[in-house]
Amino acid sequence: MRKFENLSYLPLRPKGSTFDRRIGPMDWVIFAILLFYAIIIIYPFYNALLISISPESVYLNTPFLLYPKEITWDNYATVFSSASLWSGVRVTLLLLFAGTAYQLFFTVITGYALSRNKWVGKNFVMNMILVTMFFGGGLIPYYYLIKNLGLYNQIWVMIIPGAIDTYNMLLMRNYFASLPPDLEESAKIDGANDIQIFFKVYLPMALPMLATIGLFFAVGNWNSWYNAMLFIENPSYKPLQLVLREMITTSSSSMETLGQKVVYSEGLTMASVFFSIVPMMMFYPFLQKFFVKGLVVGAIKG
Amino acid sequence: MKKIVLILLTLTLLFGLFAGFTACGPKDDEGTITIRNLYFNDWNGDDAYTAFLEEKFGVKIKTSTYSWADWDQQVASAINGGNVTDVFQADIDSYNFANSYRFWAEDGDIRALPSDLSAWPNLKKLIESVNDIEKLKINGKLYGIPVAKNIKGGEPDFTPFTYVYRRDWAKQYGVYKENDIYTWEEFNTLLQTFYNKKCKSGDFYALVDVEWGFPSVVNFYKDAPHCFAIDGSGKVVSNYGTDPYLSGLTLAKSFVSNKIYGYEQYSSNEGDANKKYYGGRVGVFYENLSLSNYSTLRTKIQEANRNLSQDALDDMTAIMKVKGPDGKFALEGQEDWFSMTFFSSHISDEKMKKILDIMDYLLSEEGTMLAAYGFEDYDYTVDALGNVSLTEAGWEKDSTGRYIDKYNGAKYLRYMCTLGYDMTSYDPMTDQKSYEILANWTEFMKEQQAAGNLRVLNEDPAVKWLNTANKARSAGKLLEDANAAVMQYCYGSITLDKYKAAVNDSTWQKVLKEINEALAN
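These protein sequences, in sequence, are chains A and B. Every letter in the first sequence is one number past the one before it in this note's numbering, and letter 227, counting from 1, is 227. Position in the second sequence (first residue = 1) + 302 = this note's numbering.
Here's what the structure looks like:
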C-alpha cells in the first residue's frame with residue numbers, strides 16, 4: 001500500500017464513489033461497440049470450434065450454431081491420426097525453428113552492418129537490398145533460379161531464399177543506428193573487436209527488436225505455403241498450411257473423386273484449422289510485450 | 303584487406319546470381335518415370351500393384367500430385383520453368399487450347415505421340431474414339447492423350463448439369479408430376495408453390511444454383527453454352543447479348559426479385575449452395591450431377607437425416623426432368639474427355655515407349671481387372687461363368703459393410719488415360735444406387751435426344767477450336783467478365799444498358815471481328 005501513496009495526484013476515482021458513477025453513458029456506448037467488434041472477431045473461431053466438435057447431421061441441419069448440441073471428437077481423432085498432417089507439422093516445425101533462426105541471423109547481421117558508418121560500398125549494398133522491396137525478377141526467373149540452384153523439391157527451398165527480409169532488416173538497421181555511438185567507442189577503448197562489440201554490446205540491447213522480428217519470422221514460417229506449392233512435389237516435404245490448403249480446396253471443389261469415401265470435410269477442416277492455429281495463439285501472448293515495444297522503437301528512431 | 307573481402311563478397315553474390323540463370327538441363331534418369339497427375343491425391347506409389355507394374359515393365363515409377371486449387375499455376379510454372387515431370391496432366395479446353403497446348407507444342411516443351419500407334423492398340427483405340435481428336439492435332443501431330451471419360455465410348459454428349467429436387471415436398475404440396483417430368487409451366491408452378499409454402503417463413507429456398515451454374519434457368523433460352531453464338535445471318539456474336547439469352551436473363555432477374563432465387567448467389571462461396579441442399583433447406587438445386595457429386599449428395603443427406611429409409615432418400619434426391627418454354631429438355635454439351643496427359647520433350651524414345659506400354663496395358667482387359675479389383679486369386683476370383691467374387695483377404699469392409707478403399711497403383715496410373723467410367727458399374731467402391739439412378743436418367747435423356755426432344759447446347763466446333771490471336775488472349779477473360787455482368791444485372795448492381803455494354807464492349811468487338819474474318823477466309 002505504501003508505494004501507492006505517492007501516486008495520489010493521479011486522477012483516480014474520488015473516495016466514496018462507486019464503479020457505476022465513474023462510467024458514463026458514452027462509456028457504455030463505447031463498451032457496446034467494442035463488444036460487438038470482439039464478437040465479430042471471436043465468433044469465427046468459436047464457430048470453427050463448434051463445427052469441429054459437432055457431428056455432420058447437426059452441422060447440416062443448423063445453419064447458425066451458437067452452442068454444441070452434440071459433441072463428437074471424431075474429427076480430432078481423424079486429424080490426429082492423419083499421417084499427412086503430422087508430416088506437415090514436422091516440416092513446419094523445422095521451418096519454424098531452423099527458418100526463424102536462419103532469417104534472424106542474416107537479417108540482424110545485415111542490419112547491424114548497414115547501421116555502422118564508414119565502409120566502402122555501404123550505400124550500394126543498401127540500395128541493392130532496397131530495390132528488392134519494389135522490384136522482383138518475376139515468377140519464372142525465380143523458378144529457374146530455384147531449379148538451377150538444385151533447390152527444387154528440397155525442403156531448403158522454404159528456408160534458404162528467405163534469408164533477409166528487407167523491411168525487418170531496415171527495422172533492425174534503424175534500431176542499431178539509434179543507439180549511441182559512444183557505446184562502440186567505449187567498447188573499443190576497452191579492447192573489444194567488432195564481433196565482440198556486436199555480440200556483447202549491441203545484440204543484448206536489441207532483445208525487444210529481436211523478439212519482434214523473431215515473431216514476424218515465426219508467424220511467417222508457420223503460415224508459409226506458397227513456395228512449397230510451387231516447388232515441392234514430395235508429399236512428405238509439404239508444410240502444414242499447404243496440407244491444410246489442399247485438404248480444404250479439394251473437399252470443397254467439384255473435382256471428380258470416384259470411389260472415394262465421402263467425408264465430413266467441414267468438420268475435418270475446422271479440426272485441422274484449430275490444430276494449426278492453437279500453437280501460434282498460445283505462443284503469441286508471451287511475446288506480446290516485446291512485440292509492441294520493439295515495433296514502436298524500430299519505427300520511430302533512426 | 304577490407305576492400306579485398308568486399309570485392310570477393312560482391313563477386314560471390316554476382317556468381318550466385320548468374321549461377322541461377324545458367325541452364326543445367328533436367329536430369330533424365332532412364333530407369334525412372336516421373337508422373338504428376340491431379341487424381342493421384344495422397345497415393346505415393348508405395349503399393350504392391352505399382353511394384354508389380356514396375357517389375358513387369360522394368361521401370362521405377364515416381365509420382366506426385368497436383369492440388370485442385372493450384373493445378374493451373376503448378377503446371378504453368380513448371381512448364382515455363384522447364385521443369386515438368388516426364389508425364390503430366392493439364393487442364394486443356396477450347397478456352398486455353400491455343401495459349402497453352404498449342405504454345406507448348408510449338409515451343410518444343412512437349413513431345414508428340416508417335417504417328418504410328420499400332421504397337422499400342424488399346425491406346426490407339428482410345429485416342430481414335432475421342433470426339434474432336436482432329437482439332438487437338440497441331441500440324442497433323444497429337445501432342446498428348448485426351449483423358450477419356452470412358453474407354454468403351456458411348457458417353458453422352460450432354461452434361462449431367464441439371465436439377466435435383468425434393469420430390470417429397472412436391473408430393474406434399476400436390477405439385478408432383480409423374481416420373482419427375484415437368485413442363486415449363488409446371489416447373490414454374492412448383493417453384494412458386496415451394497416459395498409460398500416453405501420459403502416465406504424460415505430459412506428455405508425454392509431454387510438454388512451451384513455457384514458456377516447461376517442462372518441455370520437461362521439454359522432453357524440461350525442457344526450456346528458460353529461466349530460465342532451464331533445469329534440468323536451466320537455471324538458469330540456475343541452469346542450474352544442475343545435475344546434468347548436476354549429473355550432468359552429477364553426471367554432470372556425476376557426470379558431474384560421474387561425471391562424464387564432467395565439464396566444470396568451473389569456472394570456465396572464454392573460449396574455453400576451444396577450445404578444448403580444437404581441441410582434440407584432447398585427445394586430445387588442445380589448442380590453437376592456427376593456420379594461422384596450425386597453420390598456425395600445422397601450420402602450427405604443420409605448423414606443429415608439419420609434412419610432415413612431408402613424411399614425417403616430417393617424422394618429427397620430425385621432428379622428433375624424439366625422441359626423448357628419450347629417444350630424441349632435443355633442440357634449443356636460436353637466433351638467425352640477431360641484434360642490431357644502430356645510428355646516432356648526431354649524424355650528419350652525408350653522411355654516414351656515404356657510409358658506407352660504401361661498405358662496400353664492398363665487399358666487392356668487384364669490391366670482393367672488389375673485396376674478395378676487387384677490381383678486375381680488374391681483380391682478376387684473368377685468362376686467358370688466369369689463372375690467375379692472379391693476375397694476377404696484382398697478387400698476389407700468397414701462397420702457398415704462398405705468396402706474400404708485401398709491404394710492400387712494400377713487404378714491411379716490409369717488416370718493418365720481415362721477417368722475410368724467404364725469401370726464404374728462394377729467398381730467395388732461405387733455407390734450402386736446412385737449409379738443406377740444416374741444411368742436411368744442418362745438413358746432417358748438419350749432417348750429424348752434421339753426423338754429430337756433434347757436441346758444440347760454446344761459451341762460451333764469451327765468457333766470453339768479456332769485459334770486467333772485476340773481470341774486466344776481474351777476468351778477466358780471475356781467469359782469471366784460476362785458471368786460477372788450477368789450476376790450484377792440479376793442482383794441489380796447494374797442496369798440493362800450497362801449489362802449490354804459490358805457484354806459487347808471493345809474487346810468483344812475486336813475478338814468477334816477477328817473470328818468472323820477468320821471464318822470468312
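Ideal Cβ placement from N, Cα and C applies to all residues, glycine included. The model shown is predicted, which means the values in this text are computed figures rather than measured ones.
**Report entry** Neighbour-count burial assignment, GLY456(B), 16 or more Cβ in a 10 Å radius
**Finding:** By the neighbour-count definition (other C-beta atoms within 10 Å, threshold 16), GLY456(B) is an exposed residue.
Query raised in the report: Mind checking if GLY581(B) is an interface residue toward chain A, Cβ cutoff 7 Å exclusive?
Result: For GLY581(B), the answer is yes, since a Cβ of chain A falls inside 7 Å of its Cβ.
Query raised in the report: Helix, strand or coil: how does DSSP classify MET1(A) here?
Result: The predicted position of MET1(A) is uncertain, since its pLDDT is 46 and thus under 50; a value taken from the coordinates is nonetheless stated next. Correct three-state label for MET1(A): coil.
Query raised in the report: Starting from LEU672(B) and walking both ways along the alpha helix (DSSP H), at which residues does that stretch end?
Result: Counting along the chain, the alpha helix (DSSP H) containing LEU672(B) begins and ends at 667-674.
Query raised in the report: Taking buried to mean at least 16 other C-beta atoms within 10 Å of its own C-beta, is ILE649(B) buried or exposed?
Result: Buried is the call here.
Query - Beta-carbon proximity check, VAL758(B) vs PHE530(B), cutoff 7 Å - result: Taking 7 Å as the Cβ cut-off, VAL758(B) and PHE530(B) do not qualify as a contacting pair.
Query raised in the report: Does any CB atom of chain B fall closer than 7 Å to the CB of SER169(A)?
Result: For the record, residue 169(A) in the displayed sequence is Met; it is not Ser. Closer than 7 Å: no.
**Report entry** Cβ shell of ASN433(B) (< 7 Å), same chain only, five flanking positions each side left out
**Finding:** The answer, listed in chain order, is GLU637 and ASP638.
Query raised in the report: So, do the segment 132-148 of chain A and the segment 85-99 of chain A have three or more beta carbon pairs nearer to each other than 8 Å?
Result: Segments in contact, no.
Report task. Report the three-state DSSP secondary structure of LYS524(B) (helix, strand or coil). Result -> The three-state reading of DSSP puts LYS524(B) in coil, since its state is none of H, G, I, E or B.
Report task. Leaving out five residues on either side along the sequence, give the residues of the same chain with a beta carbon under 7 Å from the beta carbon of ALA98(A). Result -> If we look at ALA98(A) and ignore the five residues flanking it on each side, its Cβ neighbours are ILE159.
Requested in this report: Check each residue of the segment 141-171 of chain A: if its Cβ is closer than 9 Å to any Cβ of chain B, include it; give the result in chain order.
Outcome: The residues in question are PRO141, TYR142, TYR143, TYR144, LEU145, ILE146, LYS147, ASN148, LEU149, GLY150, TYR152 and ASN153.
Query raised in the report: Going by DSSP, which residues form a beta bridge with LEU94(A)?
Result: Per DSSP, none; premise fails for LEU94(A).
Report task. Please work out which residues of its chain come closer than 8 Å, Cβ to Cβ, to ASN769(B), disregarding the five sequence neighbours upstream and downstream, and give them in chain order. Result -> In its chain, beyond the 5 residues on either side, PHE399, ALA400 and ARG404 have a beta carbon closer than 8 Å to the beta carbon of ASN769(B).
**Report entry** DSSP-derived helix/strand/coil call for ALA378(A)
**Finding:** Lying outside 1 to 302, the shown extent of chain A, residue 378(A) is not represented and no answer is given.
Report task. Just the C-alpha distance for LEU96(A) and GLY220(A), rounded to the nearest angstrom, thanks. Result -> Note on geometry: alpha-carbon atoms of LEU96(A) and GLY220(A) lie some 9 Å from one another.
Requested in this report: With a threshold of 16 other CB atoms inside 10 Å of the CB of GLU824(B), please say whether the residue is buried or exposed.
Outcome: Residue coverage of chain B in this structure runs from 303 to 823, which leaves residue 824(B) outside it and unanswerable.
Query raised in the report: What in chain B is Cβ-close to ARG116(A), meaning under 8 Å?
Result: By Cβ distance, chain B contributes nothing, its closest Cβ being about 12 Å from ARG116(A), past 8 Å.
**Report entry** Exposed unless 16 or more other CB atoms sit within 10 angstroms - verdict on SER727(B)
**Finding:** Using a 10 angstroms sphere on the CB of SER727(B), the tally of other CB atoms stays under 16, which defines it as exposed.
Report task. May I ask you to report which of helix, strand or coil DSSP gives VAL303(A)? Result -> No answer is possible for residue 303(A): it lies beyond the span of chain A, which begins at 1 and ends at 302.
Report task. Identify the contact partners of ARG608(B) in chain A, using a Cβ-Cβ distance below 8 Å as the criterion. Result -> Those are SER57, listed as they occur along chain A.
Report task. Would you please state the rounded distance, in angstroms, between the beta carbons of ASP470(B) and ALA606(B)? I believe it to be under 8 Å. Result -> The C-beta distance from ASP470(B) to ALA606(B) rounds to 14 Å, too long to meet the 8 Å contact threshold.
Query raised in the report: What residues of chain A sit near GLN376(B), judged by a beta carbon separation below 8 Å?
Result: What GLN376(B) touches in chain A: MET229 and LEU230.
Query raised in the report: Going straight from the alpha carbon of PRO527(B) to that of ALA787(B), what length do you get?
Result: Cα to Cα, PRO527(B) sits roughly 16 Å from ALA787(B).
**Report entry** Secondary structure, alpha helix (DSSP H): runs of 4+ residues fully inside the segment 475-534 of chain B
**Finding:** If we require 4 residues or more, the alpha helix (DSSP H) runs fully inside the segment 475-534 of chain B come out as 486-496.
Query - SER369(B) versus LEU230(A), ASN148(A), ALA271(A) and MET280(A), residue with shortest Cα-Cα distance - result: When each option's Cα is compared against that of SER369(B), the closest is LEU230(A).
Query - 6 Å Cβ shell around SER597(B) - same chain, five flanking residues per side excluded - result: Hits under 6 Å: ASP733 and SER736.
Report task. With distances taken Cα to Cα, identify the nearest neighbour of GLY703(B) among PRO730(B), CYS719(B) and MET725(B). Result -> Closest by alpha carbon: PRO730(B).
Query raised in the report: Would you call LEU35(A) buried or exposed, if buried means 16 or more other Cβ atoms sit within 10 Å of its Cβ?
Result: Under this definition LEU35(A) is an exposed residue.
Query - N- and C-terminal bounds of the beta strand (DSSP E) containing MET642(B) - result: Counting along the chain, the beta strand (DSSP E) containing MET642(B) begins and ends at 639-645.
Query raised in the report: So, does the CB of ASP651(B) fall closer than 7 Å to a CB anywhere in chain A?
Result: Not an interface residue.
**Report entry** TYR445(B) vs ALA414(B) beta-carbon contact at 7 Å
**Finding:** Yes, they are a contact pair.
Requested in this report: Out of ALA77(A), GLY138(A) and GLU56(A), point me to the one whose CA is closest to PRO68(A)'s CA.
Outcome: Of the candidates ALA77(A), GLY138(A) and GLU56(A), GLU56(A) places its Cα closest to the Cα of PRO68(A).
Requested in this report: Measure from the C-beta of GLU233(A) to each C-beta in chain B and report whether the shortest distance is under 7 Å.
Outcome: With 7 Å as the cut-off, GLU233(A) counts as an interface residue toward chain B.
Query raised in the report: DSSP on GLN391(B), reduced to helix/strand/coil?
Result: Looking at GLN391(B) - three-state DSSP - the assignment turns out to be strand.
Query raised in the report: Just by C-beta distance, which residues in the segment 358-375 of chain B are closer than 8 Å to chain A?
Result: Only those residues of the segment 358-375 of chain B whose C-beta falls short of 8 Å from the nearest C-beta of chain A are listed: SER366, THR367, SER369, TRP370, ALA371, ASP372 and GLN375.
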